Amino acid sequence: MPRRYRPAATVQPATATRPDVHPSIIYKAARRSSISALLGYSSREGPAGKHRRKGSDDDYDKEDDELDASLPRKKLKSVDKSVLEAVDLDDIQDLERVKAYLNDALCYINQLGDALARPDAVAPLAGKISWDMSDESEGLCDEIYNLGYSKTWTTSDNVSKSMEKFLPDIEELMTIPNPDTLRLAYELVIQLSRDSFGDLDVSESCGFGDRPSDEPADLLLRRLIRKRLAAGETWNWKRDLKVLDDTCKHVGAYGIEPWYPKSRRALRELVSKKAGTRR
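Everything in the sequence shown is counted per the UniProt record's numbering, starting at 1 for the first residue and increasing by one.
The structure is reproduced here in structure tokens:
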């Protein structure tokens with residue numbers, strides 16, 4: 001059986017060929033040698049010059065680990081060159097690579113924050129939210145159409161839940177200083193209401209009334225109506241009220257109710273006031 005690599009085997013004539021040894025063994029041996037030199041005894045001796053008890057190679061490894069754990073953790077000003085030679089440079093390179101990735105991520109986050117703070121960023125951001133909502137809703141509608149061939153049971157409740165996650169994005173959009181911010185956010189909530197139920201003609205897709213997007217979207221839409229009025233904006237209130245009323249009749253036939261009652265009431269009041277001023 002070949003002998004295991006020992007620290008003494010590192011001292012060889014210049015013409016000798018070194019056997020193939022695993023780098024971890026070289027590193028451990030070099031570390032053992034350097035620690036022994038610092039404490040003033042050979043690798044075969046214990047503290048105060050006492051010889052180690054005889055045992056297997058595993059016993060020596062265990063004692064080395066215990067000795068390493070007992071040493072104070074401090075930087076060494078001068079160490080054996082063999083320690084530096086045995087350090088795994090791949091670990092250092094991996095660490096530097098991670099640092100580079102983190103720096104790139106921080107730069108991207110900072111650039112994104114600057115972009116969102118610009119007034120001209122509101123239109124592209126609103127367009128992205130609109131596209132994402134449509135894509136999400138259409139994907140779930142495809143699952144509803146293929147209900148007979150799919151193992152998953154997708155209903156109107158699932159579509160509503162998928163739309164709920166876009167509400168924080170719309171509220172974030174409202175914070176961008178731009179004259180079109182409130183209008184774009186308002187239109188996005190109207191779109192969200194239309195994209196939140198899918199194809200109800202498939203009886204199995206109607207769901208059970210667990211629609212988490214309806215109430216918070218209704219509250220957000222009413223808040224946007226008030227904000228737009230406070231900002232002096234005017235728009236076609238009658239058209240938007242008709243859209244919500246028609247949708248209310250459609251989804252109500254499948255048991256989905258109430259449908260944006262607060263927003264519809266606010267728009268109805270605006271339509272009534274406008275009609276009253278014309279008389």
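All C-beta atoms, glycine included, are put in the ideal place defined by N, C-alpha and C. All values reported here derive from a predicted model rather than from experimental measurement.
Assign residue i to one of three DSSP states: helix, strand, or coil.
i    : result
Y254 : coil
K165 : coil
I176 : coil
G198 : coil
T181 : helix
W153 : coil
L102 : helix
Note down the Cα distance separating residue i from residue j, rounded to an integer number of angstroms.
i    : j    : result
R73  : L95  : Summary for R73: the model assigns pLDDT 47, below 50, so the residue's position carries little reliability; its value from the coordinates is reported in the next sentence. The straight-line gap from Cα to Cα measures roughly 21 Å.
I190 : D120 : 22 Å
R244 : V98  : The amino acid at residue 244 is misidentified as Arg; the sequence shows Leu. Their backbone Cα atoms lie some 51 Å apart in a straight line.
E171 : S137 : 20 Å
T247 : L221 : 15 Å
S196 : K273 : 30 Å
L224 : G252 : 25 Å
P177 : K165 : 23 Å
S193 : A275 : 26 Å
G198 : M133 : 12 Å
L188 : D104 : 32 Å
Q140 : S130 : It should be noted that the sequence gives Leu, not Gln, for residue 140. Using only the alpha carbons, I get a separation of about 16 Å.
L102 : Q93  : 14 Å
D142 : T175 : 34 Å
P216 : A231 : 22 Å
E257 : L229 : 27 Å
V159 : Y254 : 15 Å
K128 : E233 : 24 Å
E269 : K249 : 20 Å
K242 : W235 : 14 Å
D169 : L200 : 27 Å
D135 : I144 : 14 Å
For residue i and residue j, which I take to be in contact (beta-carbon distance under 8 Å), what is that distance rounded to the nearest angstrom?
i           : j    : result
V271        : K238 : 5 Å
L125        : L167 : About 15 Å; that fails the 8 Å criterion.
residue 281 : D180 : Only positions 1 to 279 of the chain appear in the structure, and residue 281 is not among them; the question remains open.
M163        : S213 : 4 Å
D240        : L267 : 6 Å
Meets three-Cβ-pair contact criterion under 8 Å: the region 177 to 186 and the region 151 to 164: no
Mind the definition here: the region 261 to 270 touches the region 195 to 213 only if three or more C-beta pairs lie below 8 Å; say whether that holds. no
Please list the segments of the alpha helix (DSSP H) lying wholly inside the region 201 to 261, counting only runs of 4 or more residues, in order along the chain. 214 to 230, 237 to 252
Can you check the region 119 to 147 for any alpha helix (DSSP H) of at least 4 residues that lies completely inside it and give the ranges in chain order? 122 to 145
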